[in-house]
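Working notes, structure below.
There are 2 protein chains.
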Amino acid sequence: MTATAAQTSARKRAGNGAAPRDMADDIGLDALVGHAGYAVRRFQIWIFQDFIRTLGNVDIRPTQYSVLTVIGANPGLSQMAVAKRLGIERARLVHLLDSLEQRKLVKRVKSKADRRSHALHLTPQGETALAKFKRLAAEHERHVEEKIGKENRAQLLRILAGFT
Amino acid sequence: MTATAAQTSARKRAGNGAAPRDMADDIGLDALVGHAGYAVRRFQIWIFQDFIRTLGNVDIRPTQYSVLTVIGANPGLSQMAVAKRLGIERARLVHLLDSLEQRKLVKRVKSKADRRSHALHLTPQGETALAKFKRLAAEHERHVEEKIGKENRAQLLRILAGFT
DNA sequence: TGACAATTGTTGTCGTCAACAACAATCTTT
DNA sequence: AAAGATTGTTGTTGACGACAACAATTGTCA
């Protein structure tokens, strides 16, 4: 099989006219359905939008939340360690920390053990703020449950546990 | 509860020294585990990287593939219809189509029904190329199966079917 | 019919984000 | 002590989403 496969699955329409509006909601995705990447991508966009909206009042985005969480759970980490753990580039983490430090949520302490690196800590304000963020994040997580179902969410977490 | 929650779950380390290398692989994610968004995000990154690598020789990225697939399955669609169906902004689609048209995979036909819009079609080369892309995409999909398991992939598609 | 609103494709700007490359300061290794 | 590796930083590039403006065209409705 070569081009014929794509050809045969193509639904016939008016030769060269644009599809009229009334069948616009009936667009087949063909091979796209069945691709894990496409579904995951759309779902991830939905999740991030809900997260950003739910944590909108406190102005915390998913990546910022992950950084704060890791630092809160592991005080004293170097930037390199945080970046490696979260799969962020260290160049990118610089800007993230600049922002978080400016907001007095995180502080960079010059490490005495290795004077190249910074030990990352939450400020007292950062601790209380993170607690609030976690409550909002839990609320967001409930939105996910409402969207795909409690059982499905649990299965999803189980399936993707290896990627955390 | 306020700051104490985050405080108590923090593992104790040297007060202000950066974490030594030999415990770098033992960084707790704390609340991050249990967040669907984080797992989905990491998984999506993995999937896209594998897709890009698997279709590297033909230089086709996931978004381009989705556009070609939809046009192939629904010849004659307008740009607006494609953009809406895939959740792409029409401004973004312009550049995508510019690239694909330059590579002779897609052609914009001036619609006679609505002279504002373009009817999108695959060129003959586009048809044969898409067939090849689909074979490579299927190979990528097998990589996903190897990564998370055939059964888990099927469940994931079922869970996320509503987002396609 | 004719004026006004809506749509389509296009161009442009802005901000986010990943991937690289280069650099100075500082370890580590030999 | 010298050579090489690591850490944080700065900068550039390119993909991508969100928005705003615009000309051409279509739809509406008074």
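Chains as they are written, first to last, in full-length UniProt numbering: chain A, 1 to 164; chain B, 1 to 164.
Here a beta-carbon is modelled for each residue, glycine too, at the ideal position from N, C-alpha and C.
Between residue i and residue j, what straight-line distance do the alpha-carbon atoms span, to the nearest angstrom?
i                     : j                : result
Ala119 (chain B)      : Ala81 (chain B)  : 10 Å
Val144 (chain B)      : Arg115 (chain A) : 42 Å
residue 194 (chain B) : Thr164 (chain A) : A question about residue 194 (chain B) goes unanswered here, because the residues of chain B that appear run from 1 up to 164.
Asn152 (chain A)      : Ile159 (chain B) : 6 Å
Ala83 (chain A)       : Val106 (chain A) : 15 Å
Phe133 (chain A)      : Tyr65 (chain A)  : 8 Å
Glu146 (chain A)      : Asp50 (chain A)  : 12 Å
Ala137 (chain A)      : Thr54 (chain A)  : 8 Å
Leu122 (chain A)      : Leu68 (chain A)  : 8 Å
Phe48 (chain A)       : Ala154 (chain B) : 23 Å
Leu32 (chain A)       : Gly72 (chain B)  : 11 Å
Ile45 (chain A)       : Arg92 (chain B)  : 16 Å
Ile148 (chain A)      : Glu139 (chain A) : 15 Å
Ser78 (chain A)       : Pro62 (chain B)  : 35 Å
Gln74 (chain B)       : Val109 (chain A) : Per the sequence presented here, residue 74 (chain B) reads as Asn, with Gln not at that position. Cα to Cα, the separation comes out at about 58 Å.
Glu127 (chain A)      : Arg135 (chain A) : 13 Å
Pro124 (chain B)      : His95 (chain A)  : 47 Å
Leu97 (chain A)       : Gln102 (chain B) : 42 Å
Leu100 (chain B)      : Val40 (chain A)  : 24 Å
Asp30 (chain A)       : Arg142 (chain A) : 32 Å
Ile88 (chain A)       : Ile88 (chain B)  : 26 Å
Lys129 (chain A)      : Ser111 (chain B) : Note on residue identity: the sequence assigns Ala, not Lys, to residue 129 (chain A). If you take the alpha carbons of Ala129 (chain A) and Ser111 (chain B), they lie about 56 Å apart.
Val58 (chain A)       : Ile52 (chain A)  : 10 Å
Lys104 (chain B)      : Ile60 (chain B)  : 14 Å
Lys150 (chain B)      : Gly76 (chain A)  : 41 Å
Phe43 (chain A)       : Gly162 (chain B) : 9 Å
Ser117 (chain A)      : Gly56 (chain B)  : 37 Å
Tyr38 (chain B)       : Tyr38 (chain A)  : 17 Å
Gly34 (chain A)       : Gly34 (chain B)  : 26 Å
Is residue i helix, strand or coil by DSSP?
i                : result
Arg108 (chain A) : strand
Ala131 (chain B) : helix
Ala113 (chain A) : coil
Arg153 (chain A) : helix
Arg61 (chain B)  : coil
His35 (chain A)  : coil
Glu89 (chain A)  : coil
Thr164 (chain A) : coil
Gly56 (chain A)  : coil
Arg42 (chain B)  : helix
Pro103 (chain A) : Note on identity: in this sequence residue 103 (chain A) is Arg, with Pro being the wrong assignment. Coil, per DSSP.
Gln49 (chain A)  : helix
Using the DSSP secondary-structure output, state which residues sit across from residue i in a beta bridge.
i                     : result
residue 169 (chain B) : Coverage of chain B is limited to positions 1 through 164, which leaves residue 169 (chain B) absent and any answer about it impossible.
Can you round the beta-carbon distance between residue i and residue j to whole angstroms, since I take them to be within the 8 Å contact cut?
i                : j               : result
Arg90 (chain B)  : Val70 (chain B) : About 14 Å separates the two Cβ atoms, so there is no contact after all.
Leu156 (chain B) : Ala36 (chain A) : 6 Å
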